[in-house]
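Asks: Letter by letter, the sequence shown follows residues -11 to 271 in our numbering.
Beta carbons: idealized from backbone N, C-alpha and C, even for Gly.
Quantities reported herein were computed from a predicted structural model and do not represent experimental measurements.
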Amino acid sequence: MGEISTVGIVGSGIMGSGLAEVAARSGFSVIVRSRTKQGADRVLAGVTSNLDRQVAKGKLEAGDRDAILGRITPTDHLRQLAECDLVIESIVEDLATKRELFAELEQIVKADGILATNTSTLPVVEMAMATQRPDRVCGIHFFNPAPMMKLVEVVRPLTASDDTIKTALGFATACGKDAIEVTDRAGFVVNALLFPYLNNAVRMLENGTASREDIDTAMQGGCNFPMGPLALLDLVGLDTSVSILDALYAEFGDPNYAAVPTMRRMVTAGQLGRKSKHGFYSY
Ligand SMILES: NC(=O)c1ccc[n+]([C@@H]2O[C@H](COP(=O)([O-])OP(=O)(O)OC[C@H]3O[C@@H](n4cnc5c(N)ncnc54)[C@H](O)[C@@H]3O)[C@@H](O)[C@H]2O)c1
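1) Go through its chain and collect everything with a Cβ distance to S17's Cβ below 8 Å, but skip five positions before and after it.
2) Do you know how far the Cα of E169 is from the Cα of L181?
3) According to DSSP, is E141 part of a helix, a strand, or is it coil?
4) Quick check: the Cα distance between S108 and I232, rounded to an integer number of angstroms?
5) May I have the straight-line CA-CA distance separating M(-11) from P249, to the nearest angstrom?
6) Taking buried to mean at least 16 other C-beta atoms within 10 Å of its own C-beta, is N179 buried or exposed?
7) List the residues that DSSP assigns as beta-bridge partners of A104.
8) Quick one: grab the DSSP three-state call for V248.
9) Report yes or no: do the region 118 to 128 and the region 25 to 43 share at least 3 C-beta pairs separated by less than 8 Å?
10) How many Å lie between G101 and T205 at the Cα?
This is the structure we're talking about:
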């Protein structure tokens, strides 16, 4: 397995921040790149306040917090990722934007560096083929919130080498996660199964079957799920959720994947869930 010591994260949203925290906690040197310096600094500030909370609760030593934070370097320069052994992109769920980024990373990151995507649904092979090293490209799909969720799906596009997949699985395991390997199909395992359920919960709300609170209470109490589907959509982000459904629908043509109109209208209205402080609930 290739040796990973420095990890680049591109994107400073919900998942970029979570990935930076997970990798730094696991002992990797982390460089987080956002398009603006403020965006990158916000990641460090967010991780700092998460770790401060754990120190206050006695779950983390102050010295360990400082060491973790010392391993994170925020930047707005993509070039700073040149020496990374692994770069994981976690920018907006849009294929054209991701392909453009992979073509740029190809020019910048050292030839034996692995380029990975945290995409929830998009074809990883499309990103691999935007580079000159398709054998060194794979998916490393973390779940939200990344520091808490145990699973990582390592996605093998047709083009990936065994060594790339082995290294990605080893990285996920070193991050304390349970890693599974999955082929490059929209939604992989979890989202392909989860999103028809989430979509149908919104359909039920549209139909007036029950209130938002009662739909969520039903699935928590009736299925022992930690949160209901509408609260989960707010956590994932409505914009990301619609992009995920669109990619699933484009691949499989299954009506269960056709995003219900309410969700699309909410995105247009800027009601994106927790990140915009308003979604199915207010925050
Ligand atoms: N939200 C989830 O629950 C979740 C879980 C697993 C994986 N993912 C995946 O992680 C990725 C990021 O999702 P997120 O939830 O962190 O989204 P987010 O909206 O919180 O963050 C998106 C990031 O992309 C950046 N961005 C937007 N447009 C860009 C552009 N044109 N060029 C470069 N950067 C751009 C934004 O500045 C931001 O930093 C997506 O691929 C998503 O599918 C999301």
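Replies: In short:
1) S(-7), T(-6), V(-5), R59, T61
2) 16 Å
3) strand
4) 7 Å
5) With a pLDDT of 47 at M(-11), under the threshold of 50, the modelled position of that residue is not reliable, and the figure given next carries that caveat. Looking at the two C-alpha atoms, the distance is approximately 46 Å.
6) buried
7) I76, C126
8) coil
9) no
10) 46 Å
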